[in-house]
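Notes follow the structure.
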Amino acid sequence: DATVVMLNRSLDKSQAAIAELKAEFGADAEVSVVRTDLASLASVREAAAEILKTVPRIDALICNAAIAQVPTQRLTEDGFESMLGTNHYGHFLLCGLLFERIEESKGRIVVVSSLGYNMGIKTIQFDDMNWDSNYHQNKTYSQSKLAQMMFAYELQDRLAATGRTDVEVYVCHPGSSKTSLITTSGDMATRITFWLMSLSPIVQSAEKGSWPEVMCATEKGLEQRALYGPTGFMEFVGPVGKGTLHPHAYDKVVMEQLWDVSEEAVGFKWDLASEPVA
Numbered sequence: 002d003a004t005v006v007m008l009n010r011s012l013d014k015s016q017a018a019i020a021e022l023k024a025e026f027g028a029d030a031e032v033s034v035v036r037t038d039l040a041s042l043a044s045v046r047e048a049a050a051e052i053l054k055t056v057p058r059i060d061a062l063i064c065n066a067a068i069a070q071v072p073t074q075r076l077t078e079d080g081f082e083s084m085l086g087t088n089h090y091g092h093f094l095l096c097g098l099l100f101e102r103i104e105e106s107k108g109r110i111v112v113v114s115s116l117g118y119n120m121g122i123k124t125i126q127f128d129d130m131n132w133d134s135n136y137h138q139n140k141t142y143s144q145s146k147l148a149q150m151m152f153a154y155e156l157q158d159r160l161a162a163t164g165r166t167d168v169e170v171y172v173c174h175p176g177s178s179k180t181s182l183i184t185t186s187g188d189m190a191t192r193i194t195f196w197l198m199s200l201s202p203i204v205q206s207a208e209k210g211s212w213p214e215v216m217c218a219t220e221k222g223l224e225q226r227a228l229y230g231p232t233g234f235m236e237f238v239g240p241v242g243k244g245t246l247h248p249h250a251y252d253k254v255v256m257e258q259l260w261d262v263s264e265e266a267v268g269f270k271w272d273l274a275s276e277p278v279a
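Residue numbers (my numbering): 2 to 279.
As structure tokens, then:
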């Protein structure tokens, strides 16, 4: 039986989800919540400290939370463009703070990206990370999802280089799934577009959208330098498997620079040169 700890921003929605899960799987279902706002580095640090106190092992950390298509530029409390701050920097710090516990457990990190990584400028805009001069809801979102993937692939490289291979890192995407992602952050035109799409056969259920995450968290024999998700029409829907991974997602020079920029931005340095946790 799995023990599930949700890291969510809304405690009310979390309690409702817990009630639904217990109704379906029984009152003894082990599911709980630690309040976490990925847009706040202070909140991420508090949540990680709580997890390290209360969760003795982490078999899989699934980095699923995101915001998307924010219509106008917004900054997090730490001064980051909101999508980059939430989708990338928040997860970058969370994974770093929990890494040793994951390593002790011989666990996995699952980074949930999006096909949107291939729809923007296809690199990181280092000279204007907040997109002050050219903000665009889709291109800026694309950069945030590309950054997540680059973090995962660079982490794979660094773990391999230091022999710390007890932790496996996988990247997946949900395809085109009916979730609340756009309705919580997109503008009205974007919401209408995605609502119309949801009526078509190229959109699948939220449950099916979660299957790539479950596979990457549990299945053996997967490749790490890969992108898992639906393999049907345009990789929007269909059976889960290894999909198309475009090479700009693992451009080594860009990945290394992004890693350095991210460490400085969040104020946390990954210590992967020392001995692995016994």
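For every residue, glycine included, the Cβ atom is placed at its ideal position computed from N, Cα and C.
Inside the region 52-139 only - alpha helix (DSSP H) runs reaching at least 4 residues: Complete alpha helix (DSSP H) runs here, min 4: 91-105.
Residue 170 in three-state terms, based on DSSP: Taking the first residue of the sequence shown as 1, we reach residue 170 at position 169. Residue 170: strand per DSSP, three-state reduction.
Range of the contiguous alpha helix (DSSP H) that encloses residue 12: Residue numbering aside, residue 12 sits at position 11 when the sequence shown is read from its first letter. Element bounds for residue 12: 12-26.
Buried versus exposed call for residue 182 [16 or more other C-beta atoms within 10 Å across all chains shown]: Taking the sequence shown and counting its residues from 1, one reaches residue 182 at position 181. Only weak support is given to the placement of residue 182: the predicted model assigns it a pLDDT of 46, under 50, and the value that follows is read from those uncertain coordinates. It counts as buried.
Cβ contact (3+ pairs, closer than 8 Å) linking the region 79-99 and the region 121-134: Verdict: yes, contact present.
Same chain only: Cβ atoms within 6 Å of residue 119, ignoring 5 sequence neighbours per side: Your numbering for residue 119 matches position 118 in the sequence shown. Counting only Cβ-Cβ distances below 6 Å, and skipping sequence neighbours, we find 247.
C-alpha distance - residue 72 paired with residue 138, whole-angstrom precision: Start at 1 with the first residue of the sequence shown, and residue 72 comes out as number 71. Start at 1 with the first residue of the sequence shown, and residue 138 comes out as number 137. Near 5 Å, if we compare the C-alpha coordinates of residue 138 and residue 72.
Status (buried if at least 16 other CB within 10 Å, exposed otherwise) for residue 241: One-based indexing of the sequence shown puts residue 241 at position 240. Buried is the call here.
Residue 195 in three-state terms, based on DSSP: For the purposes of this step, residue 195 is taken as the residue at position 194 of the sequence shown. With a pLDDT of only 46 at residue 195, under the threshold of 50, the placement of this residue in the model should not be trusted, and no figure is reported.
Between the CA atoms of residue 135 and residue 124 - distance to the nearest angstrom: Within the sequence shown, residue 124 is the residue found at index 123, counting from 1. Within the sequence shown, residue 135 is the residue found at index 134, counting from 1. Near 15 Å, if we compare the C-alpha coordinates of residue 135 and residue 124.
For residue 99 and residue 62, believed in contact at Cβ under 8 Å, the rounded distance: Residue numbering aside, residue 62 sits at position 61 when the sequence shown is read from its first letter. Residue numbering aside, residue 99 sits at position 98 when the sequence shown is read from its first letter. With a Cβ gap of about 6 Å, residue 62 and residue 99 count as contacting.
Helix, strand or coil at residue 1 [DSSP, three-state]: Residue numbering for the chain in the displayed model covers 2 to 279; residue 1 lies beyond these limits and cannot be assessed.
Contact check, residue 23 vs residue 17, beta carbons under 8 Å: As a first step, residue 23 must be located in the sequence shown, where it is residue number 22. As a first step, residue 17 must be located in the sequence shown, where it is residue number 16. Between residue 23 and residue 17, the CB-CB gap reaches or exceeds 8 Å.
Beta-carbon proximity check, residue 69 vs residue 142, cutoff 8 Å: Taking the sequence shown and counting its residues from 1, one reaches residue 69 at position 68. Taking the sequence shown and counting its residues from 1, one reaches residue 142 at position 141. Between residue 69 and residue 142, the C-beta gap is smaller than 8 Å, which places the two residues in contact.
Inside the region 207-237 only - alpha helix (DSSP H) runs reaching at least 4 residues: Runs of the alpha helix (DSSP H) spanning 4 or more residues and lying entirely within the region 207-237 occur at 207-219, in chain order.
Proximity below 8 Å, CB of residue 10 to CB of residue 59: Within the sequence shown, residue 10 is the residue found at index 9, counting from 1. Within the sequence shown, residue 59 is the residue found at index 58, counting from 1. When the beta-carbon positions are compared, residue 10 and residue 59 stay at least 8 Å from each other.
Per-residue DSSP class, three states only, for residue 8: For the purposes of this step, residue 8 is taken as the residue at position 7 of the sequence shown. Under the three-state reduction of DSSP output, residue 8 falls in the strand class.
Contact set for residue 270: own chain, Cβ-Cβ below 7 Å, skip 5 residues either direction: Taking the first residue of the sequence shown as 1, we reach residue 270 at position 269. Taking residue 270 as the centre and dropping the five residues before and after it, the same chain places the C-beta of 264 closer than 7 Å to its C-beta, in chain order.
Per-residue burial, residue 267 [other beta carbons within 10 Å of its own, 16 or more giving buried]: By one-based count along the sequence shown, residue 267 stands at place 266. Of the residues assessed, residue 267 falls on the buried side of the cut-off, its CB having 16 or more other CB atoms within 10 angstroms.
Status (buried if at least 16 other CB within 10 Å, exposed otherwise) for residue 97: Numbered from 1 along the sequence shown, position 96 holds the residue referred to as residue 97. Residue burial is scored here from C-beta neighbours: residue 97 has at least 16 other C-beta atoms within 10 angstroms and is therefore classed as buried.
Alpha carbon of residue 198 to alpha carbon of residue 116, nearest angstrom: By one-based count along the sequence shown, residue 198 stands at place 197. By one-based count along the sequence shown, residue 116 stands at place 115. Note on residue 198: pLDDT 47, under 50, position unreliable in the model; the coordinate value appears next. When rounded, the distance between both Cα atoms is 16 Å.
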